[in-house]
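K.L.:
If you read the sequences in order, they're chains A and B.
Counting along the first sequence from 1, when you hit position 123 you're at 123 in full-length UniProt numbering, and nothing is skipped either side.
Counting along the second sequence from 1, when you hit position 156 you're at 156 in full-length UniProt numbering, and nothing is skipped either side.
The C-beta atom is built at its ideal place from N, Cα and C for all residues, glycine as well.
Given the structure is predicted, the values throughout are model-derived calculations rather than measurements.
Can you read through this structure? Questions will come right after.
There are 2 protein chains.
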Amino acid sequence: MLHAMPRSGQPQAFELVLAWVDAQILEGRLGVGDHLPAERELAASLDVSRAAVREAVRTLQAQGVVNSFVGAGPGGGTVLTSVPSRALSRLLRLHVALANFPLPDVIEVRIALERLSARLATVNASDDDLADARRALEVMRDPSIDRQAFNDADTEFHVALATAAGNRLASDLTAAIRESMRLPILDRFRHLRDWDEVVGDLRSDHEAIFAAIERRDADEAERLVEAHIRSAWLALTHVPGDALFEPLPEDELAAWEGAEGGDLIS
Amino acid sequence: MLHAMPRSGQPQAFELVLAWVDAQILEGRLGVGDHLPAERELAASLDVSRAAVREAVRTLQAQGVVNSFVGAGPGGGTVLTSVPSRALSRLLRLHVALANFPLPDVIEVRIALERLSARLATVNASDDDLADARRALEVMRDPSIDRQAFNDADTEFHVALATAAGNRLASDLTAAIRESMRLPILDRFRHLRDWDEVVGDLRSDHEAIFAAIERRDADEAERLVEAHIRSAWLALTHVPGDALFEPLPEDELAAWEGAEGGDLIS
DNA sequence: AACCCGCTAATGGTCGGACCATTCAGCGAA
DNA sequence: TTCGCTGAATGGTCCGACCATTAGCGGGTT
């Protein structure tokens, strides 16, 4: 791993700040909940401009390491946080959009992660976790549900399982991956015709997965999760005939556009 | 997913820039290799200060989406890139250091990812990929190798397998996870006494994994990878007795410190 | 005609200073 | 004791200036 030496041998000013913060974290002098020194103060002590400090703070913010609040006292300032999931989501979403991560690759990773989550959930799931998942299931059971709401509940269900697994990295990655695929999948949904059939399959898939986890059957849960994701993906990509696809009415399209998940940083 | 509305309802200036870039990417008007408008130009057209644009660029840089170069013409400017691995590494490393991601959780995810990689590698590995892995194996075969070099070759081997799998997300995540664990593992290595025994086990593990992949035995490769990672982790954590641990000589410690992986952004 | 050199413009990198909006803590008045 | 005001501290934003680096152009030399 090389240092970042853009042009000359001089590190950039904001990198000095990053290096300083890194060191504080590595040496345990800064932890979640602690405040960074005030921007003016930090700038003076590291002998860089305040702009450089702010650029470093933006970097840390983009990595989900820090969050800033205006105002004096404990309520203000830049605080070490612990919300990697948003940062991961945005990172994956951008790179999926840039086609650095092809969707089939993403699917394979998602299967690997959710298999792990399913297995862990059979061991670690608390009653509360199961209740969350069950709630999502009930939403999806509504026969009059529209595609958007179903998709949201679907996401909720999978995230609930990932959370139930009790593995923060796995659940954050799972949530991030689902979010990164949200737009591409929505795009495919738009042209999907046999919605009723697909939604029926998804519903029964979910019920079966939940049942397996509830009865603590790890192997079956793992198997079902993989089968579920694969078949759902196939239903969205493999097109037996053009007859399956038709454009949606304009007004319905508009409703979906409105739900854009344009989360930014903090 | 909510928008980031820190204080008032007004989005921050740099978020306007991020939103603009996002839109360009989503709508396909910007792709890898394209140049962002010059900072002054972008600032003028979005009616924000240049500082705001720069903060947005830092955010994108932290996400591995962009890279900046000084100077005029095609060689200069801010360019859309496709290097998510460094960004992922830094993100994971920081959050592992902040204990947002407990190491046991990271290990479980690593196993899931490397099992996937091993399976895919039995299908997709090219001769070149296998040659890379073989080279790392040969380095590790050297009986007089020191811990640092062995660890590097070990990383190389696993990354080579992940690359051989042909799944960019899986390989980038694998590399990032390994990097994020580098310092913590080095920390444990420092106190490990029975190095010769451990290194022998690791060596034979690697050889067996490679052989399984070479003969295209997916199930066995998967099984061996999981067993390997678990046993290696156990060797580093599970301490049968304090006799296994002893501090290293000072000079050896210093050599390790020098290899700090302080990669920053670009 | 071909080559070389230096100038100019464009770009990101850096800085200092200024002002705003928000928040909190402390103090004084009721 | 309680309310309210005020001042200080903080991040948010902008402006303008200057620097270092780079590419491209144009003139001069060979």
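(1) Can you say whether Leu-120/B is buried or exposed, counting buried as having 16 or more other CB atoms within 10 angstroms of its CB?
(2) Name the chain B residues whose beta carbon is nearer than 7 Å to that of Leu-224/A?
(3) Considering Phe-69/B, what are the terminal residues of the beta strand (DSSP E) in which it resides?
(4) Does DSSP put Thr-237/B in a helix, in a strand, or in coil?
(5) Could you work out which residue in Pro-102/A, Gly-64/A, Ile-107/A is closest to Arg-86/A when comparing CA atoms only?
(6) Leaving out five residues before and five after residue 289/A in sequence, what residues of the same chain have Cβ atoms less than 7 Å from its Cβ?
(7) Tell me which residues of the stretch 145-160 of chain A have at least one Cβ-Cβ distance to chain B shorter than 7 Å, keeping chain order.
(8) Grab the span of the alpha helix (DSSP H) containing Val-53/B for me, first residue to last.
(9) Where does Glu-138/A sit, in a helix, a strand or coil, going by DSSP?
(10) Give a yes or no on whether 8 Å exceeds the smallest Cβ distance from Met-140/A to chain B.
(11) Determine whether the Cβ of Arg-135/B lies closer than 8 Å to any Cβ atom of chain A.
(12) Could you say which of Asp-154/A, Gly-33/A, Val-53/A lies nearest to Ser-204/A if we only look at CA atoms?
(13) For Phe-189/A, would you say it is in contact with chain B, using Cβ-to-Cβ distances shorter than 8 Å as the test?
(14) How about Met-181/B and Val-96/B: are their beta carbons less than 8 Å apart?
(15) So, does the CB of Asn-124/A fall closer than 8 Å to a CB anywhere in chain B?
(16) Looking at C-beta atoms only, is the number of pairs between the stretch 68-87 of chain A and the stretch 163-183 of chain A that lie closer than 8 Å three or more?
(17) Take the Cβ of Trp-195/A as the centre, count every other Cβ of all protein chains shown within 10 Å, and call the residue buried at 16 or more, exposed below.
(18) For Phe-14/B, go through chain A and note every residue whose CB falls closer than 8 Å to its CB, in chain order.
(19) Counting along the chain, where does the beta strand (DSSP E) carrying Leu-98/B start and finish?
(20) Rounding to the nearest angstrom, what Cα-Cα distance links Leu-210/A and Asp-129/A in this structure?
(21) For my contact list, Phe-157/B and Val-199/B are in at a C-beta cut-off of 8 Å; report their separation, rounded to the angstrom.
(22) Spell out the partners DSSP gives Gly-31/A in its beta bridges.
(23) Give the residues from the stretch 103-114 of chain B that approach chain A closer than 7 Å (Cβ to any Cβ), ordered along the chain.
(24) Which residues in chain A have a C-beta closer than 9 Å to the C-beta of Ser-82/B? List them in chain order.
(25) Which same chain residues, not among the five before or five after Asp-242/B, have their C-beta less than 8 Å away from its C-beta?
(26) Under a Cβ-count criterion, where at least 16 other Cβ atoms within 10 Å of its own Cβ denotes burial, should Asp-132/B be classed as buried or exposed?
(27) Cα-Cα, which of Ala-162/A, Asn-124/A, Phe-69/A, Ala-99/A is closest to His-35/A?
(28) Quick check: the Cα distance between Leu-173/A and Arg-54/A, rounded to an integer number of angstroms?
(29) The stretch 24-37 of chain B: which residues have C-beta closer than 8 Å to a C-beta of chain A, in chain order?
(30) Confirm, please, whether the CB-CB distance from Ala-176/B to Ser-117/B is below 8 Å.
(31) Does any C-beta atom of chain B lie closer than 8 Å to the C-beta of Glu-220/A?
(32) Can the beta-carbon of Ile-229/A be found closer than 8 Å to that of Thr-122/A?
(33) Going by DSSP, which residues form a beta bridge with Val-79/B?
(34) Based on Cα-Cα distance, which residue from Ala-218/B, Ala-44/B, Leu-94/B, Thr-237/B lies nearest to residue 286/B?
(35) Residues of chain A with CB closer than 7 Å to the CB of Arg-40/B, please, in chain order.
(36) Go through its chain and collect everything with a Cβ distance to Leu-42/A's Cβ below 6 Å, but skip five positions before and after it.
P.N.:
In terms of the structure at hand:
(1) buried
(2) Under the 7 Å cutoff, chain B gives no residues; its nearest Cβ is about 17 Å from Leu-224/A.
(3) 66-69
(4) helix
(5) Gly-64/A
(6) Since the first residue of chain A shown is 1 and the last is 266, residue 289/A is not available in this structure.
(7) none
(8) 50-62
(9) helix
(10) no
(11) no
(12) Asp-154/A
(13) no
(14) yes
(15) no
(16) yes
(17) exposed
(18) Arg-58
(19) Premise fails: Leu-98/B is in no beta strand (DSSP E) and is neither H nor E.
(20) Note on identity: in this sequence residue 210/A is Phe, with Leu being the wrong assignment. Phe-210/A and Asp-129/A: Cα-Cα distance of roughly 11 Å.
(21) Not confirmed; about 13 Å, so no contact.
(22) For Gly-31/A, which the question treats as bridged, DSSP gives no partner whatsoever.
(23) Asp-105, Val-106, Glu-108, Val-109, Ala-112, Leu-113
(24) His-95, Leu-98, Ala-99, Asn-100
(25) Summary for Asp-242/B: the model assigns pLDDT 43, below 50, so the residue's position carries little reliability; its value from the coordinates is reported in the next sentence. There are no such residues.
(26) buried
(27) Phe-69/A
(28) 28 Å
(29) Ile-25, Leu-26, Gly-31, Val-32
(30) no
(31) no
(32) no
(33) His-35/B, Asn-67/B
(34) Any answer about residue 286/B is impossible in this case: the structure gives chain B only from 1 up to 266.
(35) Under the 7 Å cutoff, chain A gives no residues; its nearest Cβ is about 15 Å from Arg-40/B.
(36) Val-53
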